[in-house]
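Note sheet for the following structure.
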Amino acid sequence: MTDTRPVLVVTSLHDPTADVVIRELHGRDIPVVRLDSGDFPASLSVEAEITPHGIEGHLLTPSRTANLANVRAMYYRRPTGFAFPHLREQDARFAITQARYGLGGVLAALPGCLYVNHPHRIGDAEFKPSGLAAAVEAGFLVPPTLITSSPDAARAFIKRQGSVIYKPLHNPVYRVGGVSNVVKVAEVSAADIDDGVAGTAHLFQKRVAKTADVRVTVIGTRVFCVRIDSDLLDWRTDYDRLAYTPVEPPPGIASALRHYMDHFGLVFGAFDFCVGEDGQWWFLECNPSGQWYWLEPETGLPMCAALADLLERKTAT
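Residues in the sequence shown are numbered from 159 upward in steps of one, following our numbering.
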């Protein structure tokens, strides 16, 4: 019997990664309903009733209707935020809150739906200190790390560890001269630390002498490891200088990946490691909504097919 249940793809309008996944699903004759929660309520509406059988009702977009009780899977990928620019500030704040907890609560409670990933689990996993603590528990090597608002503590940590880098705990976009920018990962010295550190929380981490980086993409039960060679502190700053090689993970990494994923309830994760001079992999972070598709044409790894398998529910999670 043909499975007619749709896959919901919740993302922004311009998302090339979602586009390729949707094309793959269409090629398999899997129904897809694409929506951006930020379009609510202008071009997206919801009718949801709480019943003894769970949530029932519909999501309606300009071109599709999804039965809330019959969604096969949801691919949740960085939708835009709610906005009510036509309302006064206080009214807009109220409307945004109601939309978040109303539509957001409905999307997070679909019966029998496989989430890739569940939006609440994404939120949990995006806190860097939580991720680093979970990585230690999972058995990964994690560089010595300090989260602080104390200039004195930061200086002491840098003097104790020697070579230290600063990382933003989260990276909102700054507009500088009309151009989007983010705060970059950078090496810092004790002399760089001033009283401005007291203004908020900061993350400092011992710099590992590395020979390469590794991006590990976990999709359900599939694990794709790609070595990234460059001479950059942060390889994400210049993709033209990168060389890619598919590799197998060292002993213990696969089980630690599963432990980490289970800790946060994830079925997808984009992990970053650096490779030390002794060949050991050091955990840096896991992005539960990380990019991955650019690696497929570079390596030939079948990641899009693996993700479509997961959303189609062909494979165990």
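Every residue, glycine too, gets a C-beta built ideally from N, C-alpha and C.
Which residue marks the beginning of the alpha helix (DSSP H) containing residue i, and which one marks its end?
i	result
VAL417	The residue asked about is misnamed: residue 417 is His in this sequence, not Val. Where HIS417 is concerned, the enclosing alpha helix (DSSP H) stretches over 411–422.
GLY263	247–265
ARG477	Summary: the structure shown does not reach residue 477, with the chain confined to residues 159 through 475, and so no result is reported for it.
Return the first residue and the last residue of the beta strand (DSSP E) that residue i is part of.
i	result
GLY427	426–434
LEU459	Segment: none, LEU459 is in no beta strand (DSSP E) and carries neither H nor E.
VAL405	401–405
LEU272	272–274
LYS368	368–377
ASP387	380–387
Since residue i and residue j are thought to touch, with beta carbons under 8 Å apart, how far apart are those beta carbons, to the nearest angstrom?
i	j	result
LEU299	PHE429	13 Å between Cβ atoms; not a contact.
ARG365	VAL433	Not really, about 14 Å apart at Cβ, beyond 8 Å.
LEU290	LYS325	Wrong, their Cβ atoms sit about 11 Å apart, outside the cutoff.
ALA356	GLU435	Between GLU435 and ALA356 the Cβ distance is about 36 Å, and since that is not below 8 Å, they are no contact.
PRO164	ALA224	6 Å
VAL178	HIS184	At roughly 11 Å, the Cβ-Cβ gap does not stay under 8 Å, so VAL178 and HIS184 are not in contact.
ALA296	ALA414	4 Å
LEU304	ILE377	Contact doesn't hold; Cβ gap of about 33 Å is too wide.
SER195	LEU261	6 Å
SER388	ARG399	5 Å
THR395	LYS342	7 Å
ILE213	LEU202	That belief does not hold up - the Cβ atoms of ILE213 and LEU202 are roughly 16 Å apart, past 8 Å.
In the DSSP output, what is residue i paired with across the bridge?
i	result
TRP439	VAL433
GLY212	THR209
The segment 297–316 touching the segment 445–460, judged by at least three CB pairs closer than 8 Å: With the rule of 3 Cβ pairs closer than 8 Å, the segment 297–316 does not count as touching the segment 445–460.
Contained alpha helix (DSSP H) runs [length at least 4] in the segment 294–363, N- to C-terminal order: As for any alpha helix (DSSP H) of minimum length 4 sitting wholly inside the segment 294–363, the runs are 309–319, ordered along the chain.
Touching by the beta-carbon criterion (3+ pairs, under 8 Å), the segment 161–178 and the segment 232–241: Contact between the segment 161–178 and the segment 232–241 is present, because at least three Cβ pairs lie under 8 Å.
Runs of alpha helix (DSSP H) lying entirely within the segment 167–242, each at least 4 residues, in chain order: DSSP assignment within the segment 167–242 yields the following whole alpha helix (DSSP H) runs of 4 residues or more, N-terminal first: 174–185.
Sufficient close CB pairs (3 or more, under 8 Å) joining the segment 411–428 to the segment 249–265: The segment 411–428, when compared against the segment 249–265, does not touch it at the 8 Å Cβ threshold.
Inter-stretch contact (C-beta, 8 Å, three-pair minimum) for the segment 451–467 and the segment 372–386: With a cut-off of 8 Å, the segment 372–386 and the segment 451–467 count as touching, because enough Cβ pairs lie within range.
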